[in-house]
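Take a look at the structure set out below.
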Amino acid sequence: MQKIQKIKGTQDILPPESEKWQFVENTIRDIMHRYGYHEIRTPIFEETALFARGIGQLTDIVSKEMYTFEDRGKKSLTLKPEGTAPVMRAVIEHSLTVARPVNKLYYISPFFRQENPQSGRFRQFHQFGAEIIGSPMPEADVETILLGLDIYRALGLSSFVLKINSVGDAESRVNYKNVLKEWLKPHFDALCRTCQERYEQNPLRILDCKETECRRITAGAPKMIDNLTPAAEEHFRAVLRMLEENDVAFEIDHRLVRGLDYYTYTAYEFIGSSLGAQNALGGGGRYDLLAQELGGKPTPSVGFAAGIERLLMALEAENLLPETALRPDMYIATPGAEGRMQAYKLAQELRAQGIRVETDLLGRSLKAQMREANRNGARLVAIAGESELQAGKVVLKNLENGEQQDVPLAQLGEIVRKMLAPIDSQTATVRAENRDS
Ligand code: AMP
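For the sequence shown, counting from 1, position 373 maps to 1267 in the working numbering; every step adds exactly one.
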């Protein structure tokens, strides 16, 4: 029979790769908690209308990348392609802003987009993201940036830049759209077909077109930040000043636009230097008008989302991942069939004390079990022969230095924990160093 394979653009995350993911996810959670963010988990699928309204019909995501299907009740559902619209839907649905005026939420989740798979671009991918729902202050914009930076810093990543821009408030954008269209008019025929379509519907997106000719044309275009209302300009200046106060380096990028009407004020991106074509590590910004778009009350909000696959690729490229593969603390090897039952009970007792214990599940010879212990990277082996067990002891061998000793069963847990303590604190040190550097 033909074997079934995974769907194009998806990945199996196998051990020990999965342990790298856990390491990265644990660091993300740790930093999110330091900043006072609480986890939110929203469903994998939602009503299609949520994304059509919450991301915008004119975006690539909604116009061609969503996994949309009808369920048996003929309802149109979509696998979530991003996290902000579902978070906002949940905040509105559960009236979270009534209980707390500011909600700081984070997520780590898979997302789905039917893009052409390539290095760093998948159809099921993962993002971590954070949202501050309910604050209009520039401090909130900056907090999300500092939070993202701290997560990268905790993982040791430094080869990326922060690009930032302001897309203004609704009024600034209306003005700027007119200024930009007027300026582009004489160049219309030279724009690519897509940008010609964008000209009426969504002219800001012409600025981030990747086509060489479009980029050449827009290089001299008027800038959004020269066309902001006084309020939007003040907000942007406050953000930049606070970044400077916090010693954060940034580049203003006039091409960084979010074409949609409910994106407001700050827009930013973290761009990796070791990633090749798919070099966006993450991006974020303010979306003060999204809550209303989804039927809620006006709720100024800001947040970011960042890819985990690309983060892992960047960490890998720079050799920044510490040894994360899970190793058993000890392996219990037992030569005879008789001893197996007792050895397994012993394993259970030690596991109950928090020790990571492996046993043989294939009825192998003692020699083969010792080989297995080595292959699994066990630190200790307890050889539980029948005669030893009868005498109430095991032979405990330290696989890292070859030393061995007889240990009474009653003291085994305590002795093993003592032997492991320096190793555990070493591992903890590696992690702490990794975080602090
Ligand atoms: P976006 O929601 O498009 O702003 O994406 C935010 C981040 O998620 C990007 O900067 C990438 O790191 C990551 N990302 C987006 N789409 C994909 C994808 N198809 N495959 C892998 N990572 C992605």
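For every residue, glycine included, the Cβ atom is placed at its ideal position computed from N, Cα and C.
Just the Cα atoms here: how many angstroms apart are R983 and N1069?
Position 89 of the sequence shown, counted from the start, is the residue given in the question as residue 983. Position 175 of the sequence shown, counted from the start, is the residue given in the question as residue 1069. When rounded, the distance between both Cα atoms is 30 Å.
Should the region 1071 to 1087 be regarded as contacting the region 950 to 966, the criterion being three or more beta carbon pairs within less than 8 Å?
no
G1368 to R935, Cα distance in whole Å?
There is no way to answer for residue 1368, as the model of the chain reaches only from 895 to 1331.
Through-space distance from F1022 to I1202, alpha-carbon basis:
As a working mapping, residue 1202 is identified with position 308 in the sequence shown. As a working mapping, residue 1022 is identified with position 128 in the sequence shown. I1202 and F1022: Cα-Cα distance of roughly 7 Å.
Quick check: the Cα distance between M1224 and R1250, rounded to an integer number of angstroms?
In the sequence shown, the residue the question calls residue 1224 occupies position 330. In the sequence shown, the residue the question calls residue 1250 occupies position 356. The alpha-carbon separation between M1224 and R1250 amounts to approximately 6 Å.
Could you check whether the region 914 to 931 touches the region 943 to 955, counting it as contact only if at least three pairs of C-beta atoms, one from each stretch, sit closer than 8 Å?
no
Going by other Cβ atoms of all chains shown within 10 Å of its Cβ, with 16 needed for buried, is V1288 buried or exposed?
Indexing the sequence shown from 1 puts residue 1288 at position 394. That one is buried.
With respect to 7 Å, is the separation between the Cβ of F1016 and the closest non-hydrogen atom of the ligand AMP below this value?
Here residue 1016 is taken as the residue at index 122 of the sequence shown, counted from 1. F1016: yes, Cβ under 7 Å from the ligand AMP.
Within 7 Å: the Cβ of E1294 and any heavy atom of the ligand AMP?
Numbered from 1 along the sequence shown, position 400 holds the residue referred to as residue 1294. E1294 Cβ: outside cutoff for every heavy atom of the ligand AMP.
Any non-hydrogen atom of the ligand AMP within 7 Å of A1199 CB
In the sequence shown, residue 1199 corresponds to position 305, counting from 1. Yes, the beta carbon of A1199 sits closer than 7 Å to at least one heavy atom of the ligand AMP.
Residue environment, V1324, which counts as buried when at least 16 other CB atoms sit within 10 Å:
In the sequence shown, the residue the question calls residue 1324 occupies position 430. Here V1324 scores only 49 on pLDDT, less than 50, and its place in the model is too uncertain to base an answer on.
Neighbour-count burial assignment, S1029, 16 or more Cβ in a 10 Å radius
Residue numbering aside, residue 1029 sits at position 135 when the sequence shown is read from its first letter. Answer is buried; the Cβ neighbour count reaches 16.
Return helix, strand or coil for V1275, following the three-state DSSP convention.
The residue given as residue 1275 occupies position 381 in the sequence shown. If DSSP states are grouped into helix, strand and coil, V1275 belongs with the strands.
Please confirm if the region 1183 to 1195 is in contact with the region 1125 to 1144, defined as three or more CB-CB distances below 8 Å between the two stretches.
no
Can you find at least 3 beta carbon pairs, one from the region 1000 to 1012 and one from the region 1099 to 1118, that sit closer than 8 Å?
no
Under a three-way DSSP split, which group does Q1069 fall into?
Position 175 of the sequence shown, counted from the start, is the residue given in the question as residue 1069. The sequence shown places Asn at residue 1069, not Gln. Three-state result, N1069: helix.
Collapsed DSSP secondary structure at S1331 in the structure displayed
Sequence index remark: in the sequence shown, residue 1331 carries index 437 (1-based). At S1331 the pLDDT is 42, less than 50, meaning the model places this residue with poor confidence and gives no usable figure here.
Short of 6 Å in beta carbon distance, which residues of its chain neighbour R1329, apart from the five on each side in sequence? Order them along the chain.
Counting from 1 along the sequence shown, the entry for residue 1329 is found at position 435. Unreliable placement is indicated for R1329, whose pLDDT of 48 sits below 50; the coordinate value is still reported in the next sentence. Contacts found: A1048.
CB contact check: A1200 to chain C, cutoff 8 Å
The structure shown has no chain C; it contains just one protein chain.
Where V1324 sits in the DSSP three-state scheme
Position 430 of the sequence shown, counted from the start, is the residue given in the question as residue 1324. For V1324, the pLDDT reaches just 49, beneath the cut-off of 50, and the residue's location in the model is therefore unreliable, leaving the point undetermined.
By DSSP, does V1142 sit in helix, in strand, or in coil?
Translated into the one-based positions of the sequence shown, residue 1142 becomes position 248. For V1142, the three-state secondary structure derived from DSSP is coil.
What's the gap between the Cα of N837 and the Cα of P1032?
Since the first and last residues shown for the chain are 895 and 1331, residue 837 lies out of range.
Indicate whether L1220 and E913 have their beta-carbon atoms separated by less than 8 Å.
Position 326 of the sequence shown, counting from 1, holds the residue named residue 1220. Position 19 of the sequence shown, counting from 1, holds the residue named residue 913. Result yes, Cβ atoms of L1220 and E913 sit closer than 8 Å.
Helix, strand or coil for S1195, going by three-state DSSP, please let me know.
Numbered from 1 along the sequence shown, position 301 holds the residue referred to as residue 1195. Strand, per DSSP.
Cross-strand partners of I1226 (DSSP beta bridge):
Here residue 1226 is taken as the residue at index 332 of the sequence shown, counted from 1. Answer by DSSP bridge pairing, in chain order: T1253 and A1276.
Whole angstroms are fine: how far does the CA of N1295 sit from the CA of T1177?
As a first step, residue 1177 is located in the sequence shown; it is residue number 283 there, counting from the start. As a first step, residue 1295 is located in the sequence shown; it is residue number 401 there, counting from the start. The residue asked about is misnamed: residue 1177 is Gly in this sequence, not Thr. The alpha-carbon atoms of G1177 and N1295 are separated by roughly 48 Å.
Taking 8 Å as the threshold, find out whether the region 1155 to 1172 comes into contact with the region 1057 to 1076 through three or more Cβ pairs.
yes
When A1267, Y931, D1300 and A1115 are compared against S1281, the one with the closest alpha-carbon
Here residue 1281 refers to the residue found at position 387 when the sequence shown is read from its first residue. The candidate whose alpha carbon is nearest that of S1281 is D1300.
G1176 Cβ short of 7 Å to the ligand AMP heavy atom set:
As a position in the sequence shown, residue 1176 is number 282, starting the count at 1. Because some heavy atom of the ligand AMP lies under 7 Å away, the Cβ of G1176 counts as near it: yes.
Where I1119 and G1062 are concerned, what is the direct C-alpha to C-alpha distance, given to the nearest angstrom?
Translated into positions along the sequence shown, residue 1119 becomes position 225. Translated into positions along the sequence shown, residue 1062 becomes position 168. When rounded, the distance between both Cα atoms is 8 Å.
Quick check: the Cα distance between S1331 and L1041, rounded to an integer number of angstroms?
In the sequence shown, the residue the question calls residue 1331 occupies position 437. In the sequence shown, the residue the question calls residue 1041 occupies position 147. Its pLDDT being 42, under 50, S1331 is placed unreliably by the model, and the measurement read from it follows with that caveat. S1331 and L1041 have their C-alpha atoms roughly 16 Å apart.
CA-CA distance, L971 and F1198?
Along the sequence shown, one-based indexing puts residue 971 at 77. Along the sequence shown, one-based indexing puts residue 1198 at 304. In this structure, the alpha-carbon of L971 lies about 24 Å from that of F1198.
Could you tell me the alpha carbon to alpha carbon distance between N1268 and N1213, rounded to whole angstroms?
Start at 1 with the first residue of the sequence shown, and residue 1268 comes out as number 374. Start at 1 with the first residue of the sequence shown, and residue 1213 comes out as number 319. In this structure, the CA atom of N1268 is about 25 Å from the CA atom of N1213.
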